[in-house]
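Novice: So that we are looking at the same thing, I have put the structure below in structure tokens.
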Amino acid sequence: MKVLLVLALISLAALASTRKPLAARYDNFKVYRAYVKDSEQLEEFKKIHQHIQVHILHEIGGPNRSYDVIVGPLFQRTFEQVLNDLEVAYDVIVEDLQALLDESPVDEDAPMDWETYHPLDVIYDWVDEQCDEHDYLECKVIGHSYEGRPIKSVRLSKREGNKAIVIEGNIHAMEWISSATVTFILNQLINSEDDDIQRLTEEFDWIVVPMVNPDGFVYTHEVERLWRKNRRPNGYTNSSGPCYGIDMNRNFDYHWSGAGWGIEDPCDHWFGGDEPNTEREILALQDFVSSFDDGYIRAYLAFHAYGQYVLLPYGHTNTEFPPNYDQMMRIAAAFADGAVDAFGSVFTYGASGLLNYVVSGAAKDWAYGVKDIPFTCTVELRDKGTFGFFLPSNQITEVGVEVTEGLKSLVAKAADEGIFD
């Protein structure tokens, strides 16, 4: 009898050790938008997370800005009181975060489409199917994540001698609209019968990496929807235990660690690492981009959420600009003009350090500053803050359409400007 009891306990312990953690829920969590007007308010606002359990959704860039903050039911009254004491105005923009998330459920068995968000396996199965069906696609695993998941690429090339455009997605795990949009674009490039799209595939090569951060992406589906970084243990701990992950879009070796709030706090969402180029995912991406001949890749676009921006180099400064900045501005303007025609979504464009906030170590700046790619940008997708990182899935197709229209205009203008010469 004792032997059976011991075996049963061992079996239960083994089951507990292999069971996946339950996904976090956000019932009755509110999303606040706080309007920080001056430096004095900003300094006090930065300290709130030290005393109250909150989740700030933006890097803190400066005064005269708004910041979205998730607060659970236990801390909402205290949070509101602190903001009132600081005379920081605020609105509640989401009354129940879980209810908003439940509007976009993920059906793991649904086939690939752009009406819902999909888990990694569905996305990768679709990529593999496209690769099997089209001989002008060159598909590779360019590396593996910390947890061993493949990082896949697709290169579309129908004619020798073309110059190439790189599209990168989901380096930040929680930004599901990123890979949804990148795969929408890839599907259009492969399967659309639109004459303009077909011309783009004849005259240019397209290199697509739809999922730079597969570990983090899977984690957002299975455990923590708000996760941003990759999942490598970074060697630090805090009161809650070991700290995981690096913000990989702060880890590229171009003016690394020169600017950005939270990039030196190893347990923060924006931790950029102890040194640059530490993450195998971005090393795989860099090696892949560097494997092509110099001058072949002429544009690099990284897709993120949110805000409806076309962010140009540089990110580490708001006083220095690229030598061809005026040219880049004209190309970005073309994207904005094309995108707005679809559904009226207005995209603002300019240097990220000027428009958004000063931060260093981003992919677009590495692509421009190290690889000498003459047009690089980060496209921050919908919306301007109504739903933010939690954009409902019923908007995926519209986002894909407006971005595709923007891309048509961007490529045409870039060609006129001699980017592909």
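Mapped onto mature numbering (1 follows the signal peptide of the UniProt record, and there is no 0), the consecutive letters of the sequence shown carry residue numbers -18 to -1, 1 to 403.
Glycine is no exception: its CB is placed at the ideal position from the N, C-alpha and C atoms.
Quick caveat, the model's predicted, so the values are computed rather than measured.
For the alpha helix (DSSP H) containing residue 348, name the first residue and the last one.
Specialist: In this chain, the alpha helix (DSSP H) harbouring residue 348 covers 345 to 351.
Novice: Going by the CB atoms, is the gap between residue 207 and residue 226 shorter than 8 Å?
Specialist: no
Novice: Is residue 278 helix, strand or coil when you go by DSSP?
Specialist: coil
Novice: With DSSP as the reference, label residue 158 as helix, strand or coil.
Specialist: Helix at residue 158.
Novice: If you reduce the DSSP assignment to three classes, tell me which class residue 123 lands in.
Specialist: strand
Novice: Give the C-beta separation of residue 118 and residue 140 to the nearest angstrom, bearing in mind that I take them to be a contact with Cβ-Cβ under 8 Å.
Specialist: Taking C-beta atoms under 8 Å as the contact rule, residue 118 and residue 140 qualify, at a distance of about 5 Å.
Novice: Can you tell me where the beta strand (DSSP E) with residue 224 in it begins and where it stops?
Specialist: 223 to 226 is the extent of the beta strand (DSSP E) around residue 224.
Novice: Residues bridged to residue 147 by DSSP?
Specialist: 188, 281
Novice: Does the distance from the C-beta atom of residue 296 to that of residue 254 stay below 8 Å?
Specialist: no
Novice: With 16 other CB atoms within 10 Å as the buried threshold, where does residue 143 fall?
Specialist: exposed
Novice: Does the Cβ-Cβ distance between residue 287 and residue 157 come in under 8 Å?
Specialist: yes
Novice: Rounded to the nearest angstrom, what separates residue 7 and residue 338 at their Cα positions?
Specialist: 30 Å
Novice: Around the Cβ of residue 128, are there at least 16 other Cβ atoms within 10 angstroms (buried) or fewer (exposed)?
Specialist: buried
Novice: Is the separation between the beta-carbon of residue 331 and that of residue 282 shorter than 8 Å?
Specialist: no
Novice: For the beta strand (DSSP E) that residue 132 lies in, which residues bound it at each end?
Specialist: 132 to 138
Novice: From which residue to which residue does the beta strand (DSSP E) around residue 391 run?
Specialist: Residue 391 -> not in any beta strand (DSSP E); alpha helix (DSSP H) instead, spanning 378 to 398.
Novice: Tell me residue 320's beta-bridge partners as DSSP assigns them.
Specialist: Answer by DSSP bridge pairing: none, since residue 320 is not bridged.
Novice: To the nearest angstrom, report how far apart residue 89 and residue 159 are at their CA atoms.
Specialist: 16 Å
Novice: From the DSSP output, read off the bridge partner residues of residue 251.
Specialist: When DSSP reads this structure, residue 251 sits in no beta bridge, so it has no partner.
Novice: Return the Cβ separation of residue 20 and residue 45 in integer angstroms, given the expectation that the two are a contact with Cβ distance under 8 Å.
Specialist: 5 Å
Novice: Report buried or exposed for residue 403, applying the criterion of at least 16 other Cβ atoms within 10 angstroms of its Cβ.
Specialist: Classification for residue 403: exposed.
Novice: I think residue 155 touches residue 201, with their Cβ atoms under 8 Å apart; what is that distance to the nearest whole Å?
Specialist: Contact check for residue 155 and residue 201: beta-carbon distance about 6 Å, within the 8 Å limit, so the pair qualifies.
Novice: Between the segment 130 to 138 and the segment 98 to 114, can you find at least three pairs of beta-carbon atoms closer than 8 Å?
Specialist: yes
Novice: Comparing the C-beta of residue 84 with each C-beta of chain C, is any distance below 8 Å?
Specialist: Checking the listed chains, one finds no chain C in this structure; it contains a single protein chain.
Novice: If I measure Cβ to Cβ from residue 131 and keep anything under 8 Å in the same chain, skipping five residues before and after, which residues do I get?
Specialist: 102, 196, 197, 200
Novice: Under the three-state reduction of DSSP, which class applies to residue 342: helix, strand or coil?
Specialist: In the displayed model, residue 342 falls within coil according to three-state DSSP, outside both helix and strand.
Novice: Just to check my reading of the structure: residue 210 and residue 251 have Cβ atoms closer than 8 Å, yes? What is that Cβ distance to the nearest angstrom?
Specialist: Their Cβ separation, rounded to whole angstroms, is 5 Å, which keeps residue 210 and residue 251 in contact under 8 Å.
Novice: Which runs of the alpha helix (DSSP H) at least 4 residues long sit entirely within the segment 88 to 118? Give them in chain order.
Specialist: If you keep only unbroken alpha helix (DSSP H) runs of at least 4 residues inside the segment 88 to 118, you get 102 to 115.
Novice: Taking its Cβ as the centre, do 16 or more other Cβ atoms sit within 10 Å of residue 387, making it buried, or is it exposed?
Specialist: buried
Novice: Does the pairing of the segment 312 to 328 with the segment 339 to 347 give three or more beta-carbon distances under 8 Å?
Specialist: no
Novice: Any idea what DSSP makes of residue 48, helix, strand or coil?
Specialist: strand
Novice: Between which two residues does the beta strand (DSSP E) containing residue 368 stretch?
Specialist: Where residue 368 is concerned, there is no enclosing beta strand (DSSP E), given that its DSSP letter is neither H nor E.
Novice: Among residues of its own chain, excluding the 5 on either side of residue 68, which ones have a beta-carbon nearer than 6 Å to its beta-carbon?
Specialist: 23, 26
Novice: Closer than 7 Å by C-beta to residue 116: which residues in its own chain qualify, once you throw out the five before and the five after it? Chain order, please.
Specialist: Within the same chain, residue 116 has close Cβ partners 172.
Novice: Run through DSSP, which three-state label would residue 401 get?
Specialist: DSSP, read as helix, strand or coil, puts residue 401 in coil.
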